[in-house]
């Protein structure tokens, strides 16, 4: 096991979530933009963490073992059909 994989294996979920958010929005929590190198290495860390820890991937992510997991539209509709409706407004 590489040292990078060991670090990712032991990385707490809250660190993973902060890295994931940083990659998604392109900024660190303090508002400073990620450099291209930081974005690439953070993305690699996020994908490896997902591959090692995520059993139920979202629409498209990397599952355990490095497998790319994709859900069909029907699966996503079933998943979110149980969501509670907050409000409905009729537009005229």
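Residue numbers (the numbering used here): 15 to 106. Backbone N, C-alpha and C define an ideal beta-carbon position, used for all residues, glycine too.
Top-ranked residue by Cα proximity to residue i, from the options
i          : options        : result
residue 43 : 31, 54, 68     : 31
residue 61 : 23, 45, 15     : 23
residue 68 : 40, 27, 16     : 27
residue 29 : 59, 92, 66, 39 : 59
Alpha-carbon spacing of residue i relative to residue j, whole angstroms
i          : j           : result
residue 20 : residue 103 : 51 angstroms
residue 41 : residue 47  : 4 angstroms
residue 54 : residue 18  : 14 angstroms
residue 52 : residue 105 : 45 angstroms
residue 49 : residue 56  : 10 angstroms
residue 64 : residue 25  : 11 angstroms
residue 39 : residue 92  : 28 angstroms
residue 88 : residue 45  : 37 angstroms
Status (buried if at least 16 other CB within 10 Å, exposed otherwise) for residue i
i          : result
residue 33 : buried
residue 36 : buried
Bridge-paired residues (DSSP) for residue i
i          : result
residue 41 : 47
Near the ligand ADP: residue i beta-carbon under 7 angstroms from a heavy atom
i          : result
residue 49 : With respect to small molecules bound, the structure shown includes none, and the ligand ADP cannot be examined in it.
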